[in-house]
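J.:
In our numbering, the protein residues as written are 84 to 734.
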């Protein structure tokens, strides 16, 4: 196939292939080829595809010695991109053949600036700067602007060694192509810009994900994962032997006591400010030689290496750090004092591998929490925790977020058994693999690791919400008993937290009964009394749980604003009704008599037999709960009991 010509005459045989004037052979055929080209161009989605199509099609519409496509958009302000459109140059529709050219005073630059076409049919009569890349001897030039939306996106550039190579007919066809190309080029540049943005966004996201996988999003500190990698590196360096021995390394885990309560009291922004203040003190105290990581919500781990091989005492450094961390913190005008606990393990004394050191530092931290020591507690072999216990702890930390905790309710019956007078909320853990985990297993573990604070807060809110739901369904309001762990009671803003739960759920305070244990009154009676009075000021009821098993004292009982005494189930279950010498019988009678004298209500736990029930009724116990009446049940099961209780118990 040969390029189109406007005449039916053949080219002279003696002429070279590029020595004739490029003109269409016939208008119909020209526009047929033009339609075919523009149709293909509309499918192009990249500059490489456009280059490939033009380099293979333009040669059938025009004869030229050189043809290029200039692309202005996407290049710098002082340059443009030049695509070679010569046949054979673009052999792959996915590979762009282009180079950058500086904007100057040549024909292409003028068209790109002015958006006006440039024609010249005898350059010897119209001298000017040569088109970039054009060989010597060019006589005719046609540069067509590619415009879309009034903006010049580029230009289509032809040149020929022939004089008068681009007559009006050729120019018209070129103008049609340039109009089509303007829209095509705008679409492609928009797509490529979108692809570029998406690629950059993807790269940024990947970089962000990679960063977050090893760094805490809030503090920017390394996470546990990066901590272990860094610790392995530090240990490799420390393990290089010398005549003075190995370099010592200390791994210290630090935790903020009652952080959840402090964070809730300060609200998110205040809690964040407090946390960052602690981080800055840690970083300043450790200096450049220390490595600090955030290993939990309220937990940090840092690594210190001895300055040289051989024995090294980290004590002075840690003592100085503790003194700094124990100074008051300020959030706005509010002064906060933090209770911090530390556990420490050393290389090579306690372990030789990073993972083992981290586990042993964690064991030491748990011991520090248990004994309340301020300074770092060093690891000792007797602190080792079984893998099973570590697994249970890790699973328990995730239980709330994974909705594995359940609240069961045990009804408390009136003395004659005719009605449900109250309920006690009891937390249960339904693990997807372990099934129902006994509270005897996970409650001590939760208290040991302060998880009980978060769990207890959740139980309190869920129990209050459920109580309101029953009332909204038309059931008589019941006292909702909720246990408070001694760890929860230590949270300084407990009364505020309780008030917020009541407001959030809409439960009237008179229907909430918080159950406390006697052990709370041993360490600091006056502080405990003050907090109970704050709780009572909210209008809630206070019950003393497991009464008789702890430090029962009439003197403190008279001072406490207690509403209810709960007889421990051990006395009730061991009750020998038919023996006048039964110690448990005497204890129960004494507790009931004491409560009557102090105008307190009495609840007996662990009622399992009719004989026990009869004894408690005869002695004037107000409420009773136990397996004789019902085991702890789900909210829906208790609702069925409320709906069906139209006759006395046992009828």
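We put the CB at the ideal spot given by N, CA and C, even for glycine.
Thinking just about the alpha-carbon of each residue, which of 411, 383 and 495 is nearest to the one in residue 721?
T.: For this step, residue 721 is matched to residue 638 along the chain shown. Selected option, being the one with the closest Cα: 495.
J.: Taking the alpha-carbon positions, what's the residue 329 to residue 323 distance?
T.: Residue 329 sits at position 246 when you count from the first residue of the chain shown. Residue 323 sits at position 240 when you count from the first residue of the chain shown. Rounded to the nearest angstrom, the two C-alpha atoms are 7 angstroms apart.
J.: Given a threshold of 16 other Cβ atoms within 10 Å of its Cβ, counted over all protein chains shown, does residue 727 qualify as buried or as exposed?
T.: Counted from its first residue, the chain shown places residue 727 at position 644. Exposed, because fewer than 16 other Cβ atoms sit within 10 Å of the Cβ of residue 727.
J.: Buried or exposed: which applies to residue 634, given that a residue is buried once 16 or more other Cβ atoms fall within 10 Å of its Cβ?
T.: Stepping through the chain shown from its first residue, residue 634 is reached at position 551. Low confidence applies here, because residue 634 scores a pLDDT of 48, under 50, leaving its location unreliable and the question unanswered by this model.
J.: What would DSSP say about residue 542, mapped onto helix, strand or coil?
T.: Stepping through the chain shown from its first residue, residue 542 is reached at position 459. Of the three classes helix, strand and coil, the one that applies to residue 542 here is helix, per DSSP.
J.: Checking the sheet assignment: what are the DSSP bridge partners for residue 568?
T.: The residue you call residue 568 lines up with position 485 of the chain shown. Partner(s): none; residue 568 has no beta bridge.
J.: Evaluate contact between the segment 702-722 and the segment 482-501, counting only Cβ atoms and requiring at least three cross-stretch pairs below 8 angstroms.
T.: Short answer: they touch.
J.: Within 10 Å of its beta-carbon, does residue 413 have 16 or more other beta-carbons around it, so buried, or fewer, so exposed?
T.: Here residue 413 refers to the residue found at position 330 of the chain shown. Residue 413 comes out exposed.
J.: With a CB to CB cut of under 7 angstroms and the five nearest residues on each side skipped, what residues in its chain are close to residue 395?
T.: Position 312 of the chain shown, counted from the start, is the residue given in the question as residue 395. Only 331 and 389 meet the Cβ criterion.
J.: Just how far apart, CA to CA, sit residue 591 and residue 277?
T.: If you number the chain shown from 1, residue 591 lands on position 508. If you number the chain shown from 1, residue 277 lands on position 194. Taking the straight line from one Cα to the other gives about 57 angstroms.
J.: Apart from the five residues on each side of it in sequence, which residues of its chain come closer than 6 angstroms, Cβ to Cβ, to residue 714?
T.: On the chain shown, residue 714 is found 631 positions in, with the first residue counted as 1. Once the five neighbours on either side are set aside, residue 714 has no close Cβ partner at all.
J.: Alpha carbon to alpha carbon, what distance is there between residue 250 and residue 106?
T.: Numbered from its first residue, the chain shown carries residue 106 at position 23. Numbered from its first residue, the chain shown carries residue 250 at position 167. With a pLDDT of only 40 at residue 106, under 50, the local geometry of the prediction cannot be trusted, and no value is derived from it.
J.: For a quick check, are the C-beta atoms of residue 616 and residue 644 less than 9 angstroms apart?
T.: In the chain shown, the residue the question calls residue 616 occupies position 533. In the chain shown, the residue the question calls residue 644 occupies position 561. Yes.
J.: Going by Cα to Cα distance, which pick from 341, 233 and 577 is closest to residue 421?
T.: On the chain shown, residue 421 is found 338 positions in, with the first residue counted as 1. Answer by Cα proximity: 341.
J.: With distances taken Cα to Cα, identify the nearest neighbour of residue 115 among 346, 140 and 135.
T.: Walking along the chain shown from the start, residue 115 turns up at place 32. With distances taken between Cα atoms, residue 115 lies closest to 140.
J.: Could you tell me whether the Cβ atoms of residue 461 and residue 504 are closer together than 9 angstroms?
T.: Start at 1 with the first residue of the chain shown, and residue 461 comes out as number 378. Start at 1 with the first residue of the chain shown, and residue 504 comes out as number 421. Not closer than 9 angstroms, so no.
J.: Here's the rule: buried if 16 or more other CB atoms are within 10 angstroms of the residue's CB, otherwise exposed. What is residue 371?
T.: Numbered from its first residue, the chain shown carries residue 371 at position 288. Residue 371 should be labelled exposed.
J.: State buried or exposed for residue 536, treating a residue as buried only when at least 16 other CB atoms are found within 10 Å of its CB.
T.: Mapped onto the chain shown, residue 536 falls at position 453. Buried.
J.: How far does the alpha helix (DSSP H) with residue 713 in it reach, from first residue to last?
T.: Counting from one through the chain shown, the residue named residue 713 turns up at place 630. Residue 713 -> no alpha helix (DSSP H), and no H or E assigned at all.
J.: If you reduce the DSSP assignment to three classes, tell me which class residue 764 lands in.
T.: Residue coverage of the chain in this structure runs from 84 to 734, which leaves residue 764 outside it and unanswerable.
J.: State the DSSP-derived secondary structure class of residue 237, mapped to helix, strand or coil.
T.: Numbered from its first residue, the chain shown carries residue 237 at position 154. Strand, per DSSP.
J.: Can you list, in chain order, the residues of its chain with a C-beta nearer than 8 angstroms to that of residue 702? Leave out the 5 residues immediately preceding and following it.
T.: Position 619 of the chain shown, counted from the first residue, corresponds to residue 702. 671, 672 and 675, listed in sequence order.
J.: With DSSP collapsed to three states, give me the class of residue 591.
T.: One-based indexing of the chain shown puts residue 591 at position 508. In this structure, residue 591 counts as coil in the three-state DSSP scheme.
J.: Flag this pair as yes or no: are the beta carbons of residue 240 and residue 153 separated by less than 9 angstroms?
T.: As a first step, residue 240 is located in the chain shown; it is residue number 157 there, counting from the start. As a first step, residue 153 is located in the chain shown; it is residue number 70 there, counting from the start. It is a contact, given that the beta carbons lie within the stated cut-off.
J.: Have a look at residue 184 and residue 199 and give me their C-alpha separation to the nearest angstrom.
T.: Indexing the chain shown from 1 puts residue 184 at position 101. Indexing the chain shown from 1 puts residue 199 at position 116. Rounded to the nearest angstrom, the two C-alpha atoms are 19 angstroms apart.
J.: Identify which residue in 283, 357, 375 and 552 has its Cα closest to the Cα of residue 299.
T.: The residue you call residue 299 lines up with position 216 of the chain shown. Of 283, 357, 375 and 552, the residue nearest in Cα terms is 375.
J.: What is the residue span of the beta strand (DSSP E) that residue 430 lies within?
T.: The sequence position of residue 430 within the chain shown is 347, counting from 1. 423-430 is the span of the beta strand (DSSP E), which, as asked, contains residue 430.
J.: Sorted by chain position, which residues of the same chain lie with C-beta nearer than 6 angstroms to residue 216's C-beta, five sequence neighbours on each side aside?
T.: Indexing the chain shown from 1 puts residue 216 at position 133. Note that residue 216 has pLDDT 44, beneath the 50 cutoff, so the model's placement of it is unreliable and no number is given.
J.: Is the beta carbon of residue 243 closer than 9 angstroms to that of residue 227?
T.: Your numbering for residue 227 matches position 144 in the chain shown. Your numbering for residue 243 matches position 160 in the chain shown. No, they are not a contact pair.
J.: Could you compute how far the alpha carbon of residue 383 sits from the alpha carbon of residue 283?
T.: Position 300 of the chain shown, counting from 1, holds the residue named residue 383. Position 200 of the chain shown, counting from 1, holds the residue named residue 283. Roughly 34 angstroms separates the two Cα atoms.
J.: Rounded to the nearest angstrom, what separates residue 582 and residue 642 at their Cα positions?
T.: On the chain shown, position 499 is the one that residue 582 refers to. On the chain shown, position 559 is the one that residue 642 refers to. The alpha-carbon atoms of residue 582 and residue 642 are separated by roughly 24 angstroms.
J.: Under 7 angstroms Cβ to Cβ from residue 315, same chain only, skipping five residues before and after it: list those, please.
T.: Here residue 315 refers to the residue found at position 232 when the chain shown is read from its first residue. Same-chain partners within the cutoff: 437.
J.: Near residue 539, what residues of its chain come up, given a Cβ to Cβ distance below 6 angstroms and the 5 sequence neighbours on each side ignored?
T.: Walking along the chain shown from the start, residue 539 turns up at place 456. Hits under 6 angstroms: 568 and 571.
J.: Alpha carbon to alpha carbon, how far is residue 165 from residue 361?
T.: Counting from 1 along the chain shown, the entry for residue 165 is found at position 82. Counting from 1 along the chain shown, the entry for residue 361 is found at position 278. Rounded to whole angstroms, residue 165 to residue 361 spans 58 angstroms at the Cα level.
J.: If you follow the alpha helix (DSSP H) that residue 197 is part of, which residue opens it and which one closes it?
T.: The residue you call residue 197 lines up with position 114 of the chain shown. From DSSP, the alpha helix (DSSP H) with residue 197 extends over 190-197.
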